[in-house]
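Under our numbering, think of the first position of the sequence shown as 38, with each following residue one higher. One structure below.
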Amino acid sequence: MKVLLLCCGLTVMVQAATKTNLADKITNEIQTRPKASEEPADNDRLNWAINDAPPFHVLHGEYQRQGVCDVLIKVVHRYMSETRPRYLVMPQPRIAQALDNREPVCFPCMIFKPEGETRAIYSMPTHLYYPHHIITDENTAKTLRALYGEPISLAELLADSRFRLGYPSGRRYGVLQPLINEQDPYLARSGPGGAVAILHMISSGRLDYTIDYPMIANYFQQLYSRNMVTIAISENDQQPVAGAIGCANNAWGKEQISRINKVMPQIRQDPEFLEVIRLWHSDVSSIDFSFFNEQGLRAIDEAAAATEQNLK
């Protein structure tokens, strides 16, 4: 599958969320929530771990609650109307710890792993992302392309100590993670702002590059009018990343994922959800994102069905 992006001339606009109502709602939910380690007192609540990481979760500002995973949560409850959301704002490392501890939480912004893992139970894929890219400023991009070409070898770049890598603490990068684990030093930044804070550091010259989805650069450019450049990576070129909801690997989490999967066809086709993922993927490439997303999800579903059939 050729991994290039969006349709020609398509302009998608999502109005900024009404700050007062949504801000009050999430603040009230946070203030009254139980500790994440407590078992839910009833079955009409679903505990969502969220973090300050635009454009996945946008907790403040012009696009408040219009992050991809903000809208995903909203849409899940549109089709599971008997269940109410409870928001637990946590830094990314704390979310990972909560899942490792099998606390009763779900996180809407995980990378789907067909083989699963001990940390979490995964839903069916919710949508696709274009693969992780190098994101940097224009001058550094020219230098990197002159040295390494495009797509760029991440292994070679990581080994080049002249260029400083930074990324949000707790982030994971799928098939690229083993390469990152082998290298040191790098900056794993904790605190609010997620990847956007990293891009500010690149823009100010404190870092040289990060690794992230092209939509991160798109969000940054839309909000701050600072041009960032994305460079394809050879080790994951043309390998889309599937997003999924992950819940604690226990009986509670398995029940939530079972319920979510039952309404997954509606979630995937929900107009509001499709609108927000198109918004943050706009102006990134020349191929229609809707087609990319639909075809990719179909291919994943067909592969899963074939695997299940072979196991019978």
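The beta-carbon is built from N, C-alpha and C at its ideal position, and this holds for glycine as well. Everything numeric in this text was worked out from a predicted model, so none of it was measured.
CA-to-CA distance, residue j to residue i, given in whole angstroms
i      : j      : result
Leu181 : Ser118 : 50 Å
Ser262 : Asn255 : 10 Å
Leu83  : Asn287 : 14 Å
Glu309 : Gln101 : 15 Å
Val142 : Gln129 : 13 Å
Gln103 : Asp307 : 15 Å
Phe326 : Ala336 : 15 Å
Phe257 : Ile239 : 12 Å
Ala342 : Lys291 : 20 Å
Asp107 : Ala90  : 11 Å
Lys150 : Met301 : 17 Å
Tyr185 : His237 : 24 Å
Span of the beta strand (DSSP E) around residue i
i      : result
Arg121 : Arg121 to Val126
Leu83  : Arg82 to Ile87
Val278 : Val278 to Ala285
Tyr196 : Just to set this straight, residue 196 is Ala in the shown sequence, not Tyr. It is not in any beta strand (DSSP E) - Ala196 carries neither H nor E in the DSSP assignment.
Met147 : Cys143 to Ile148
Leu165 : His164 to Tyr166
Val313 : Run containing Val313: none in the beta strand (DSSP E); it sits in the alpha helix (DSSP H), Pro308 to His318.
Pair within 8 Å by beta-carbon distance, residue i and residue j
i      : j      : result
Ile110 : Pro145 : yes
Ile253 : Ala232 : yes
Val113 : Ile87  : no
Ile235 : His170 : no
Val266 : Thr173 : yes
Asn7   : Ser160 : There is no way to answer for residue 7, as the model of the chain reaches only from 38 to 349.
Ile217 : Leu244 : no
Ile248 : Tyr210 : yes
Gly280 : Ile132 : no
Gln273 : Leu202 : The sequence shown places Asn at residue 273, not Gln. It is not a contact, given that the beta carbons lie outside the stated cut-off.
Gln303 : Tyr116 : yes
Tyr246 : Phe200 : yes
Residue environment, residue i, which counts as buried when at least 16 other CB atoms sit within 10 Å
i      : result
Pro251 : buried
His94  : buried
His164 : buried
Thr177 : buried
Gln275 : exposed
Arg315 : buried
Gly283 : buried
Residues of its chain near residue i, where Cβ-Cβ distance is below 8 Å and the 5 sequence neighbours each way are ignored
i      : result
Glu339 : none
Delimiting residues of the alpha helix (DSSP H) encompassing residue i
i      : result
Ala183 : Glu175 to Tyr185
Ala254 : Pro251 to Tyr261
Val113 : Val105 to Tyr116
Ile217 : Gln214 to Asn218
Val233 : Gly231 to Ser240
Neighbourhood of residue i by C-beta distance below 6 Å, restricted to the same chain and skipping five residues each side
i      : result
Gly271 : Looking at the sequence shown, residue 271 is not Gly but Ser. So the list reads Pro188 and Ser190, once near-sequence residues are dropped.
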